[in-house]
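S.K.: Each position in the sequence shown, counted from 1, maps to that position plus 3 in the UniProt record's numbering.
Here a beta-carbon is modelled for each residue, glycine too, at the ideal position from N, C-alpha and C.
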Amino acid sequence: LADFRAEKPNWCPGCGDFTVLAALQKAAANMGLEPEDMVTVSGIGCSGKISQYMGSYGFHSLHGRSLPVATAVKLSNTDLTVVAAGGDGDGYGIGMGHFVHAMRRNIDITYIVMDNHIYGLTTGQTSPTSDKGTKTKTAPDGSTDEPVHPLQMAIMAGCGYVAQGYSGNLKQLTELIEGGMKHKGFSLINIYSPCVTFNKVNTYDFYKQHLINVDEDASYDKTDRFAAIKKIEETEELLTGLLYHNTEKLPYHEANTAFPTTPIVKADINLNQENWGKLIAQFK
Ligand code: SF4
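In structure tokens form, the structure reads like this:
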């Protein structure tokens, strides 16, 4: 793990994001990755700081824009392991359009969402995953909005690796993240990562009482898309584990036959005047 230590996190003591960072570092170390083999791209929010703390190459992007930046990194150098990370507000609010399109294109990146059901960095507003009735600064009488259902959306959009973890279970979370990084194609790991400062409902105690671990259920078939959707609906998403896994779909850069087989960053572009003219002509 030594290679993956960087800046000391300044999250609130007890924040679930500490475990997510530890799980990501462990997963990378288990896979034998060197810091330069991997790029962690984040959005804005408390969770967005993970790209600075991870110790790999990183890019702290704009609000909701981690996925387009991560897409560009991956398609420029397909040899890299690319992880995008952020929170529920960042990813399922302003970043929602990118979320759906990155999944349907099956870009080969792992998306880690630290889902605490609230905006933490801006001190406690209703987020896209806040449960109905949740009282916050922006909904003092309780939210009337239907929450976003990221797991169902991911399966419907064609994501081939859909998992949910919990910050109270480092071992399982490490396995889920490692599995996502090994999966060829887009992988989503939504993580119940409690905000101990601003969310007094979705706490560690709450999750301890309510979560069901599908990884412990030998009869659960992770390859059955309809069974996964049914299971998620029945349990109101209070699940952990690998919920759906489809290994048949090729990632974007392999499915698209026009895509260069040599990573673009390693291609001998030789931009002399003639080649530069040809390159520019493509965009006219
Ligand atoms: Fe974590 Fe919440 Fe503190 Fe942000 S405000 S660091 S999400 S506990």
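Is any heavy atom in the ligand SF4 found nearer than 7 Å to the beta carbon of residue 307?
M.R.: An answer regarding residue 307 cannot be provided, because it is not within the stretch 4 to 287 covered by the chain.
S.K.: In the DSSP assignment, find the unbroken beta strand (DSSP E) run with TYR247 in it and report its ends.
M.R.: 242–248
S.K.: Taking DSSP's pairing of strands, which residues face TYR223 in a bridge?
M.R.: None; TYR223 has no bridge partner.
S.K.: Enumerate, from N- to C-terminal direction, the unbroken alpha helix (DSSP H) stretches of 4 or more residues contained entirely within the region 39–86.
M.R.: 53–56 and 69–79
S.K.: Mind checking VAL86: buried by the 16 CB within 10 Å criterion, or exposed?
M.R.: With a 10 Å radius around the Cβ and a threshold of 16 neighbouring Cβ atoms, VAL86 comes out buried.
S.K.: So does LEU124 have its beta carbon nearer than 7 Å to some heavy atom of the ligand SF4?
M.R.: yes
S.K.: By DSSP, does LEU36 sit in helix, in strand, or in coil?
M.R.: coil
S.K.: Grab the span of the alpha helix (DSSP H) containing VAL103 for me, first residue to last.
M.R.: 99–108
S.K.: Could you compute how far the alpha carbon of LEU4 sits from the alpha carbon of ASN275?
M.R.: For LEU4, the pLDDT reaches just 41, beneath the cut-off of 50, and the residue's location in the model is therefore unreliable, although a value from the coordinates is still provided. Answer to the nearest angstrom: the Cα atoms are 44 Å apart.
S.K.: How is GLY17 classed by DSSP in three states: helix, strand or coil?
M.R.: coil
S.K.: Is LYS140 closer than 8 Å to GLN155 when the C-beta atoms are compared?
M.R.: no
S.K.: First and last residue of the alpha helix (DSSP H) that includes ILE180?
M.R.: Where ILE180 is concerned, the enclosing alpha helix (DSSP H) stretches over 173–185.
S.K.: Tell me the rounded alpha-carbon separation between TYR223 and GLU237.
M.R.: 14 Å
S.K.: Kindly indicate which three-state DSSP category ALA88 falls into: helix, strand or coil?
M.R.: strand
S.K.: For ILE283, I'd like the list of residues in its chain whose CB is within less than 6 Å of its CB, leaving aside the five on either flank, ordered along the chain.
M.R.: none
S.K.: Is there contact between the region 89–98 and the region 256–274, where contact requires at least three CB pairs shorter than 8 Å?
M.R.: no
S.K.: In terms of residues, what are the limits of the alpha helix (DSSP H) holding LEU154?
M.R.: Counting along the chain, the unbroken alpha helix (DSSP H) around LEU154 starts and ends at 153–159.
S.K.: Run through DSSP, which three-state label would GLY123 get?
M.R.: coil
S.K.: Please determine, among TYR122, ILE112 and SER196, the residue with the shortest C-alpha to C-alpha distance to CYS162.
M.R.: ILE112
S.K.: Sort PRO71, ASN202 and LEU78 by Cα distance to CYS18 and report the nearest one.
M.R.: ASN202
S.K.: Could you give the DSSP three-state label for GLY136: helix, strand or coil?
M.R.: coil
S.K.: Check whether the region 170–182 touches the region 120–127, counting contact only when three or more Cβ pairs, one atom from each stretch, lie closer than 8 Å.
M.R.: Verdict: no, contact absent.
S.K.: Mapping the DSSP letters down to three states, classify VAL268 as helix, strand or coil.
M.R.: helix
S.K.: Using alpha carbons as the reference points, say which of THR243, SER130, LYS138 and ILE215 lies closest to ILE192.
M.R.: THR243
S.K.: Is any heavy atom in the ligand SF4 found nearer than 7 Å to the beta carbon of TRP14?
M.R.: yes
S.K.: If you follow the beta strand (DSSP E) that ALA166 is in, where does it begin and where does it stop?
M.R.: 164–169
S.K.: So what's ALA142 in DSSP terms, helix, strand or just coil?
M.R.: strand
S.K.: Can you name, in chain order, every residue of its own chain whose Cβ lies under 7 Å from the Cβ of LEU241, other than the five neighbours on each side?
M.R.: Answer for LEU241: HIS213, LEU214 and ILE215, listed in chain order.
S.K.: So what's ASN278 in DSSP terms, helix, strand or just coil?
M.R.: helix
S.K.: Does the beta-carbon of PHE262, which I'm using as the reference point, lie nearer than 7 Å to any heavy atom of the ligand SF4?
M.R.: no
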